[in-house]
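One structure is given here, and the rest of the page talks about it.
Numbering (the numbering used here), first residue to last: 365 to 934.
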């Protein structure tokens, strides 16, 4: 039979077809600590009463009273529902009519949109800020012409961020608009807006026993709102939609001490998981929930599928606005988290290692850096500090050493045509026939390390040196044989690092997707990150202050020399 046209417009909730209980379940934000021991104890003691309890219809008065006391409101302000999703359905079915506008901050789970579509409402999506913060100005603009309803998840169920302290009270001044606030994760944020229902009859707060109380399998949620609103929704709620077992469990689950313990332990595990994911090269976002957001970029879908095939379940957010590349990972037990991380280490293990040359494979202090210093001194006719040249090379977005020479000259307010700087720099470096300062270079990598690495990985060079200079150095020290590709600026039409094209070309040449880049400068980090691979930064002894600066760029892997690189390869 053909359904209503509104039904054809929506996509139903994705049905779980295979058993989850024997898998690592980090996809649905379940509480790994489970329910309060009081629930288990109650069921064990009440098993003789179960036949009668199960055969009788439930009565909710006592539970409504207890929830009201828990939140310091009246029982008339409470409506029990079959989970938080059923609470949202009750509110939408009670108030949204054909043609009503409903504002939903985006990205959003499809449930709310589907329910609005089924009521023939009009959805007005308002995009969250790029940093995942709450889009208050955009929402205030959206409610100037009062919509029927605004639906807000606080904290957000996909991004994990929360509203600011006074955001909701600001919005609630628009008294002709209903504000539905889903607080499923609010115990982790430590903030609830329940008390505001006393002052704002246009506020509907939805809460759940699924997450912090650990009762996801029993399906119990509730609405807190003005007593008149509750009476209206009671007409829409299905009778006896909350079962007796859920009612019994919830009665003893209102255990503040246990919930606080759950929140504390999950927060500890979240910090551990967040730190370990960062160490694997994923960019993570802070959340006020029991999940972590991890940005794996273009590798997101591959990683999600690989984890699924290894019986590790996470949520793929790649198709949502603002969340491209993200996986949502529930904070699990330490054991489950370690299994996840071990699987990720295998999945993310690089296929190739790319290297810079200067400061990575050879010491260029007395070649390129010294040439930049001497060229600057030549044009200035005065001394230039070597440390200044080295700092500019490490920290500033310059592609070539002669550009650093130009900056050094310019710092004294002296102007010299670029072609003169290049000519002088190159003559100092190369001499007449490779007999210049380039002869001062020393190999700083153990060739045995390169030999060992080559057994497990493809190796490549990406450098801003010219092809002639790069090949001369590699051949002089007899290390070219270890590298499968050498990419210089000429190979990418002069798009030097920090442009990522050189790294991308090397990945194509090596026919790999996963790699790390061993470099030692700002431009190396920017190029690697822009190409979607993990930078490993070499910080020699005596330059530890650079590590602190690079950490602000979310660099997580530091070594003192390339010889130590195996310590940070997963």
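From the three backbone atoms N, C-alpha and C, an ideal C-beta is built for every residue, glycine too.
Legend entry - Euclidean distance between Cα positions of residue 888 and residue 881: 8 angstroms
Inset, instruction - Give me whichever residues DSSP pairs with residue 824 in a beta bridge. - result: 718, 849
Legend entry - Cα-Cα separation, residue 578 to residue 473: 21 angstroms
Legend entry - Residue range of the unbroken alpha helix (DSSP H) whose run includes residue 665: 664-673
Inset, instruction - Pair every Cβ in the stretch 679-687 with every Cβ in the stretch 832-849, then say whether three or more of these pairs are closer than 8 angstroms. - result: no
Legend entry - Backbone CA spacing between residue 826 and residue 866 [nearest angstrom]: 6 angstroms
Legend entry - CB contact check: residue 668 to chain D, cutoff 7 angstroms: Among the chains in the structure shown there is no chain D, since it carries only a single protein chain.
Legend entry - Proximity winner among 484, 429, 677, 740, relative to residue 384 (alpha-carbon distances): 677
Legend entry - Buried or exposed (CB count within 10 angstroms, at least 16 for buried), residue 426: exposed
Legend entry - residue 547 vs residue 556 beta-carbon contact at 7 angstroms: yes
Legend entry - Rounded straight-line distance, which links the Cα of residue 793 to that of residue 833: 10 angstroms
Inset, instruction - At 4 residues or longer, and completely inside the stretch 735-792: list those alpha helix (DSSP H) runs for me, N to C. - result: 750-759, 765-774
Inset, instruction - Would you grab the beta carbon distance between residue 828 and residue 860 for me? Rounded to a whole angstrom, and I think it's under 8 angstroms. - result: 5 angstroms
Inset, instruction - Quick one: grab the DSSP three-state call for residue 925. - result: coil
Inset, instruction - Report the partner residues of residue 879 according to the DSSP bridge assignment. - result: 716
Inset, instruction - Can you grab the Cα-Cα spacing for the pair residue 600 / residue 428, in whole Å? - result: 18 angstroms
Legend entry - Same chain only: Cβ atoms within 6 angstroms of residue 470, ignoring 5 sequence neighbours per side: 489, 491, 685
Legend entry - Beta bridge counterpart(s) of residue 571 as assigned by DSSP: 586
Inset, instruction - Provide the residue(s) that pair with residue 449 in DSSP beta bridges, ordered along the chain. - result: BP columns for residue 449 are empty, so no partner.
Inset, instruction - Just the C-alpha distance for residue 674 and residue 738, rounded to the nearest angstrom, thanks. - result: 58 angstroms
Inset, instruction - Tell me whether residue 827 counts as near the ligand MG, meaning its Cβ is closer than 6 angstroms to at least one heavy atom of that ligand. - result: Although the ligand MG was asked about, the structure shown includes no ligands whatsoever.
Inset, instruction - Would you be able to state if there are at least three C-beta pairs under 8 angstroms between the stretch 686-696 and the stretch 655-671? - result: yes
Inset, instruction - Specify, as a first and last residue, the run of the alpha helix (DSSP H) that residue 397 falls within. - result: That residue, residue 397, is in no alpha helix (DSSP H); it is neither H nor E in DSSP.
Legend entry - Anticipated Cβ contact below 8 angstroms, residue 482 with residue 452, distance rounded: Actually they are not in contact, since the Cβ atoms of residue 482 and residue 452 sit about 12 angstroms apart, beyond 8 angstroms.
Inset, instruction - Look up residue 470 in the DSSP assignment and say whether it is helix, strand or coil. - result: strand
Inset, instruction - Answer yes or no: do residue 558 and residue 588 have a C-beta to C-beta separation smaller than 7 angstroms? - result: yes
Legend entry - Boundaries of the alpha helix (DSSP H) in which residue 641 is found, first to last residue: 620-643
Inset, instruction - Please check the pair residue 612 and residue 443, which I expect to be a contact at CB under 8 angstroms, by giving their CB distance rounded to whole angstroms. - result: Going by Cβ atoms, the distance from residue 612 to residue 443 rounds to 19 angstroms, so no, they are not a contact pair.
Legend entry - Collapsed DSSP secondary structure at residue 658 in the structure displayed: strand
Inset, instruction - Kindly indicate which three-state DSSP category residue 676 falls into: helix, strand or coil? - result: strand
Inset, instruction - Would you decide whether residue 365 is buried or exposed? Buried here means 16 or more other CB atoms lie within 10 Å of its CB. - result: exposed
Inset, instruction - Please name the residue, chosen from 817, 740, 449, that lies closest to residue 782 on a Cα-to-Cα basis. - result: 740
Legend entry - contact_flag[the stretch 632-646, the stretch 521-534] where n(CB pairs < 8 angstroms) is 3 or more: no
Inset, instruction - Whole angstroms is fine: what's the gap from residue 815's alpha carbon to residue 581's? - result: 55 angstroms
Inset, instruction - Thinking residue 689 and residue 729 are a contact (beta carbons under 8 angstroms), I'd like their distance in whole angstroms, please. - result: At roughly 39 angstroms, the Cβ-Cβ gap does not stay under 8 angstroms, so residue 689 and residue 729 are not in contact.
Legend entry - Burial state of residue 869 (16 or more Cβ within 10 Å): buried
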